[in-house]
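Data first, discussion second: the structure below is written as structure tokens.
Residue numbers (the numbering used here), protein chains in the order written: chain D, 7 to 462; chain Z, 178 to 630.
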């Protein structure tokens with residue numbers, strides 16, 4: 007609750023023009039170019055300079071970074087925050103739906119993720135469908151509209167899901183037949199999941215061919231009625247044409263191999279295998295396909311297909327040459343992805359830089375936004391975190407977060423505003439109570455109106 | 178108050194007197210409302226004006242109007258004449274399946290009860306009765322009609338609202354013996370509700386519902402193209418399949434989209450822009466946060482008169498977050514901010530209670546900064562403009578339909594009495610407001626049980 011209040015204030019803190027920011031004497035973890043002790047300059051939304059000595063431009067805000075650490079903003083490759091719908095569970099192929107239609111820029115989880123250093127996230131819906139809906143990459147520009155939070159230029163994606171969730175959704179008996187008052191939804195087995203995916207891409211190819219035929223006929227001067235646009239198949243055609251990234255929720259090695267074979271058969275690529283707790287068993291095959299893996303550090307055993315997991319998964323995948331990241335899948339875990347990354351040093355012996363890569367440059371590469379974010383390099387977006395200690399330490403906290411050079415989180419300002427917001431809240435509660443007592447009949451003979459507000 | 182009866186009219190008045198228990202009605206004829214304060218809405222107030230009504234229409238209005246010899250003259254000294262009030266989104270008079278619960282579909286929407294076989298996608302046309310017309314579902318004897326009229330409402334824009342594509346709204350005058358007489362315009366828009374079918378049947382989520390709406394409009398566009406190509410070249414082409422759900426969408430001149438919070442306003446504006454819809458938003462309690470976008474897109478808003486409040490049966494230990502408290506606190510300010518920004522808006526009842534309550538609820542918007550003139554406009558001319566019937570309704574102008582309400586003072590005063598209501602030129606005299614049921618009488622203190630509700 008208390009954190010909920012904080013969020014509101016920072017929305018009103020937005021400044022129109024951002025001054026250049028120079029952080030001096032800090033330990034700068036660039037991720038891609040080693041560690042530098044010196045300064046970093048954020049100007050016009052970009053990283054303008056990194057070096058041992060950087061001159062402060064006129065009007066710059068200068069921050070003394072002595073004893074502090076600077077690193078690139080954290081990127082979460084799998085999150086369900088800021089959306090007002092989780093699953094379109096009624097159908098096995100729900101590619102007609104999209105996250106873009108249900109974004110909620112007021113979700114307090116955005117602000118909390120910021121406080122944990124996340125600046126960019128891949129937003130997906132749930133995993134009820136073999137082929138799910140369209141995904142978006144968002145920047146955590148708290149206080150802005152949904153449209154303004156979109157990561158412009160990032161490739162759109164689509165969610166797939168294998169295993170227990172898509173075969174269970176709509177099949178509450180678990181055996182593919184109807185419960186009372188329920189209709190069973192196909193598929194009810196892992197075999198069925200593969201079939202659904204293959205059928206959907208067959209349909210997509212027929213759909214694409216129908217447009218090709220229509221274009222050919224009109225080009226020949228024939229009269230023809232155009233095919234109807236199909237919002238379910240259009241994203242699948244984009245997948246076939248390499249214009250949309252596939253992010254597939256999966257756990258077991260057998261279904262991972264299945265999906266890679268299906269993709270090879272139909273001539274498209276799986277961009278990331280999400281969760282993929284058994285990926286360490288088939289790392290070679292995953293690397294050969296060119297898929298990335300976005301997994302958990304040590305979160306498993308929450309269902310049968312998540313039993314055979316090991317905390318070494320990420321480290322093994324890295325060593326086998328698979329592009330690997332760590333994701334949250336959860337608004338709470340999202341706030342400490344830095345600590346999740348640190349665990350791979352204990353389990354698997356990754357270096358500091360390799361560990362940090364799992365939540366910065368690697369997810370950026372998986373989402374194909376690494377030319378913009380994921381490391382501290384001159385010319386990249388100024389998505390930058392300031393820590394009071396080493397980010398991989400359990401005792402370090404995020405002090406400030408910039409996105410595009412704009413400060414979206416400041417720990418001190420946050421703490422200062424808690425009292426003010428508490429007063430504001432008490433005043434509103436008092437005002438509402440006073441109004442309620444005024445509208446009581448008190449001799450007027452009016453009814454006491456009992457009204458329900460909208461579900462908030 | 179003096180009525181000057183003319184001998185020829187007395188008989189007529191007796192013959193046409195309504196049999197309704199609490200209402201005296203006189204059918205259309207010629208009436209003169211003399212020496213009234215006339216709030217014409219389309220222009221400045223006439224302090225001492227006369228309105229002449231004949232055969233259901235306004236024959237003349239002004240400060241020096243000749244009084245016809247055959248008219249029933251009503252001395253309105255000290256009274257104020259307004260255009261009849263319009264409920265911009267209503268279910269009054271709707272009967273049967275088209276009648277609706279409160280607009281639960283707003284925002285996240287409520288899961289409907291499972292009926293029929295589950296739908297497997299947009300092609301099954303789930304929750305779609307776009308072809309329904311409110312005008313075909315009106316019951317002239319519905320009790321809501323008389324209650325609304327007694328409160329000064331002469332017109333309602335009635336919409337079916339049971340489905341995602343609920344059907345077409347109609348502008349209905351709130352008096353008549355047969356439904357057909359009451360209809361002013363039969364199809365003024367399509368009402369969309371963002372409801373879902375749960376996990377069982379498509380669409381099962383808000384994103385599914387929005388995707389479905391998008392697919393329907395694309396299908397409607399394709400249907401139009403396919404039909405026109407086929408009409409020109411029927412030989413050698415497969416005929417397009419007839420689809421009444423698309424016909425209903427195509428024949429609706431505008432679409433009503435629900436938008437309560439700012440994020441919903443922006444979401445629906447984006448959808449309307451993408452699909453090139455002639456959109457009207459309804460809800461509007463946080464529309465004040467999106468006035469710039471509303472103004473830029475020239476999108477009208479229907480503002481619900483059911484102001485958000487804490488549920489009376491909420492857990493007293495449960496504290497609402499600041500965001501929710503602010504939402505409730507600022508909602509009545511929304512109309513004033515829309516008015517200042519020049520965004521067109523109208524009020525609607527939204528099942529806020531008895532029709533008499535609506536004026537009291539509108540008064541809250543006035544208390545929160547809405548100029549009283551704009552409040553009246555939002556219940557008269559603005560809804561008429563939004564639904565394209567301002568050439569016949571919404572103001573006291575020569576030639577318009579004679580829908581009038583005569584009150585003994587300012588409509589938003591707490592103890593105002595409505596003396597006469599004219600609907601299509603027929604005169605009604607509401608009886609005083611009956612004390613609410615279940616109460617010992619005026620001044621009674623609510624029982625503990627009611628307090629705890």
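The beta-carbon is built from N, C-alpha and C at its ideal position, and this holds for glycine as well.
**Report entry** Under 7 Å by beta carbon: chain D residues contacting residue 503 of chain Z
**Finding:** Against the second chain, residue 503 of chain Z aligns to sequence position 326. Near residue 503 of chain Z (Cβ distances below 7 Å), the residues of chain D are 434.
Report task. Taking only beta-carbon positions, decide if residue 397 of chain Z is within less than 8 Å of chain D. Result -> The sequence position of residue 397 of chain Z within the second chain is 220, counting from 1. Not a single C-beta of chain D is nearer than 8 Å to the C-beta of residue 397 of chain Z.
Requested in this report: Select from the region 97 to 112 of chain D all residues with a C-beta closer than 8 Å to any C-beta belonging to chain Z, and list them in chain order.
Outcome: Those residues of the region 97 to 112 of chain D placed with their C-beta closer than 8 Å to a C-beta in chain Z are 97, 100, 102, 103, 104, 105, 107, 108, 109, 110, 111, 112, ordered along the chain.
Query raised in the report: Exposed or buried, which one is residue 308 of chain D when buried takes at least 16 other CB atoms within 10 Å?
Result: Walking along the first chain from the start, residue 308 of chain D turns up at place 302. Exposed is the call here.
Query raised in the report: With a Cβ-Cβ cutoff of 8 Å, do residue 192 of chain D and residue 148 of chain D count as a contact?
Result: Your numbering for residue 192 of chain D matches position 186 in the first chain. Your numbering for residue 148 of chain D matches position 142 in the first chain. In this structure, residue 192 of chain D keeps its C-beta atom at 8 Å or more from the C-beta atom of residue 148 of chain D.
Query - Residue environment, residue 122 of chain D, which counts as buried when at least 16 other CB atoms sit within 10 Å - result: Counted from its first residue, the first chain places residue 122 of chain D at position 116. Around the beta carbon of residue 122 of chain D, 16 or more other beta carbons sit within 10 angstroms, so the residue counts as buried.
Query raised in the report: DSSP three-state call for residue 255 of chain Z: helix, strand or coil?
Result: Position 78 of the second chain, counting from 1, holds the residue named residue 255 of chain Z. Three-state result, residue 255 of chain Z: coil.
Query raised in the report: Using the beta-carbon of each residue, which ones in chain Z are nearer than 9 Å to residue 427 of chain D?
Result: Counted from its first residue, the first chain places residue 427 of chain D at position 421. Residues of chain Z with a Cβ closer than 9 Å to the Cβ of residue 427 of chain D are, in chain order, 499.
Query raised in the report: For residue 642 of chain Z, which residues does DSSP report across the bridge?
Result: Absent from the model: residue 642 of chain Z. The displayed extent of chain Z is 178 to 630, so no value can be given.
Requested in this report: Using a Cβ cut-off of 8 Å (strictly closer), state whether residue 128 of chain D contacts chain Z.
Outcome: Translated into the one-based positions of the first chain, residue 128 of chain D becomes position 122. No, residue 128 of chain D does not count as interfacial toward chain Z.
Query raised in the report: Around the Cβ of residue 221 of chain D, are there at least 16 other Cβ atoms within 10 angstroms (buried) or fewer (exposed)?
Result: Here the question's residue 221 of chain D lines up with position 215 in the first chain. Residue 221 of chain D comes out exposed.
Requested in this report: Could you work out which residues of chain D lie near residue 392 of chain Z, taking near to mean beta carbons separated by less than 7 Å?
Outcome: The residue given as residue 392 of chain Z occupies position 215 in the second chain. Ordered by position in chain D, the residues that pass the 7 Å Cβ test against residue 392 of chain Z are 102, 237.
Query raised in the report: On the three-state DSSP scale, how would you describe residue 269 of chain D?
Result: In the first chain, the residue the question calls residue 269 of chain D occupies position 263. Reduced to three states, the DSSP call for residue 269 of chain D is helix.
Query raised in the report: What residues from chain D crowd round residue 506 of chain Z, counting only those whose CB sits closer than 8 Å?
Result: Position 329 of the second chain holds residue 506 of chain Z. Simply 434, 437, 438.
Query raised in the report: Tell me, which residues are paired with residue 300 of chain D by DSSP?
Result: Here residue 300 of chain D is taken as the residue at index 294 of the first chain, counted from 1. According to DSSP, which records beta bridges pairwise, residue 300 of chain D is partnered with D:280, D:331.
Query raised in the report: Can you give the Cα-Cα distance for residue 312 of chain Z and residue 564 of chain Z, rounded to whole angstroms?
Result: Taking the second chain and counting its residues from 1, one reaches residue 312 of chain Z at position 135. Taking the second chain and counting its residues from 1, one reaches residue 564 of chain Z at position 387. It is roughly 15 Å from the alpha-carbon of residue 312 of chain Z to the alpha-carbon of residue 564 of chain Z.
Query raised in the report: Would you say residue 292 of chain D faces chain Z, with C-beta separation under 8 Å as the test?
Result: Sequence index remark: in the first chain, residue 292 of chain D carries index 286 (1-based). No - not a single Cβ of chain Z is within 8 Å of the one on residue 292 of chain D.
Report task. Measure the CB-CB distance between residue 577 of chain Z and residue 585 of chain Z and report whether it falls below 8 Å. Result -> Against the second chain, residue 577 of chain Z aligns to sequence position 400. Against the second chain, residue 585 of chain Z aligns to sequence position 408. Taking 8 Å as the cut-off, the beta carbon of residue 577 of chain Z is found no closer than this to the beta carbon of residue 585 of chain Z.
Requested in this report: Please look up how many angstroms separate the CB atoms of residue 299 of chain D and residue 330 of chain D, rounded, as I've assumed it's under 8 Å.
Outcome: On the first chain, position 293 is the one that residue 299 of chain D refers to. On the first chain, position 324 is the one that residue 330 of chain D refers to. Confirmed, about 5 Å.
**Report entry** Cβ neighbours of residue 306 of chain D in the same chain (closer than 8 Å, five flanking residues each side left out)
**Finding:** Reading the first chain from its first residue, position 300 is the one you call residue 306 of chain D. Excluding residues within five positions, the ones whose Cβ falls inside 8 Å are 283, 312, 313, 315.
Requested in this report: Answer with buried or exposed for residue 469 of chain D, where buried requires no fewer than 16 other C-beta atoms within 10 angstroms of its C-beta.
Outcome: The shown model of chain D, from 7 to 462, leaves out residue 469 of chain D, and the question about it has no answer.
Query raised in the report: Looking only at C-alpha atoms, which of D:264, D:62, D:103, D:152 sits nearest to residue 444 of chain Z?
Result: Here residue 444 of chain Z refers to the residue found at position 267 when the second chain is read from its first residue. Of the candidates D:264, D:62, D:103, D:152, the one whose C-alpha sits nearest the C-alpha of residue 444 of chain Z is D:152.
Query raised in the report: Any chance the region 84 to 97 of chain D sits against the region 372 to 387 of chain Z, with 3 or more Cβ pairs inside 8 Å?
Result: The answer is yes - the region 372 to 387 of chain Z touches the region 84 to 97 of chain D, with three or more Cβ pairs under 8 Å.
**Report entry** Cα-Cα separation between residue 352 of chain Z and residue 562 of chain Z, rounded to whole angstroms
**Finding:** On the second chain, position 175 is the one that residue 352 of chain Z refers to. On the second chain, position 385 is the one that residue 562 of chain Z refers to. Each residue's Cα considered, the two are about 22 Å apart.
Report task. Determine the chain D residues that contact residue 509 of chain Z at a beta-carbon separation under 8 Å, and present them in chain order. Result -> Translated into the one-based positions of the second chain, residue 509 of chain Z becomes position 332. Near residue 509 of chain Z there are no residues of chain D at all, since even the closest Cβ is about 10 Å away, more than 8 Å.
**Report entry** Short Cβ contact (8 Å threshold) for residue 264 of chain Z with residue 334 of chain Z
**Finding:** The count along the second chain starts at 1 and reaches residue 264 of chain Z at position 87. The count along the second chain starts at 1 and reaches residue 334 of chain Z at position 157. The answer is yes: Cβ separation under 8 Å.
Report task. Pick helix, strand or coil for residue 600 of chain Z, following the three-state DSSP scheme. Result -> In the second chain, counting from the first residue as 1, residue 600 of chain Z sits at position 423. Strand.
Requested in this report: Measure the alpha-carbon distance for residue 30 of chain D versus residue 335 of chain D and round it to whole angstroms.
Outcome: Here the question's residue 30 of chain D lines up with position 24 in the first chain. Here the question's residue 335 of chain D lines up with position 329 in the first chain. The alpha-carbon atoms of residue 30 of chain D and residue 335 of chain D are separated by roughly 35 Å.
Query raised in the report: Taking the alpha carbon of residue 359 of chain D as the point to measure from, which residue in D:321, D:412, D:373, D:257 has its own alpha carbon closest?
Result: Taking the first residue of the first chain as 1, we reach residue 359 of chain D at position 353. Looking at the Cα atoms, D:321 is the closest of the given residues.
Query raised in the report: Counting only beta-carbon atoms, is residue 374 of chain Z nearer than 8 Å to chain D?
Result: As a first step, residue 374 of chain Z is located in the second chain; it is residue number 197 there, counting from the start. Interface criterion met: the Cβ of residue 374 of chain Z is under 8 Å from a Cβ in chain D.
Query raised in the report: When the Cα atoms are used, what is the spatial distance from residue 630 of chain Z to residue 505 of chain Z?
Result: Reading the second chain from its first residue, position 453 is the one you call residue 630 of chain Z. Reading the second chain from its first residue, position 328 is the one you call residue 505 of chain Z. For residue 630 of chain Z, the predicted model reports a pLDDT of 31, less than 50, meaning its position is unreliable; a value from the coordinates is still stated below. One C-alpha to the other measures close to 20 Å.
Requested in this report: Starting from the beta carbon of residue 229 of chain D, find every residue of chain Z whose beta carbon is closer than 9 Å, and list them in chain order.
Outcome: For this step, residue 229 of chain D is matched to residue 223 along the first chain. When 9 Å is used as the limit between beta carbons, residue 229 of chain D is near these residues of chain Z: 406, 409, 410, 413, 414, in chain order.
Query raised in the report: Going by other Cβ atoms of all chains shown within 10 Å of its Cβ, with 16 needed for buried, is residue 277 of chain D buried or exposed?
Result: Within the first chain, numbered from 1, the residue matching residue 277 of chain D stands at position 271. Around the beta-carbon of residue 277 of chain D, 16 or more other beta-carbon atoms lie within 10 Å, marking it buried.
Requested in this report: Measure the Cβ-Cβ separation of residue 346 of chain D and residue 323 of chain D and say whether it is below 8 Å.
Outcome: One-based indexing of the first chain puts residue 346 of chain D at position 340. One-based indexing of the first chain puts residue 323 of chain D at position 317. Cβ distance not < 8 Å, so residue 346 of chain D and residue 323 of chain D don't count as in contact.
Query raised in the report: Any idea if residue 175 of chain Z is buried or exposed, counting beta-carbon neighbours within 10 angstroms, 16 or more meaning buried?
Result: With chain Z covering 178 to 630 only, the question about residue 175 of chain Z has no answer from this structure.
Report task. Taking residue 379 of chain Z as part of the beta strand (DSSP E), name the residues at either end of that continuous run. Result -> Numbered from its first residue, the second chain carries residue 379 of chain Z at position 202. No beta strand (DSSP E) contains residue 379 of chain Z, which DSSP labels as neither H nor E.
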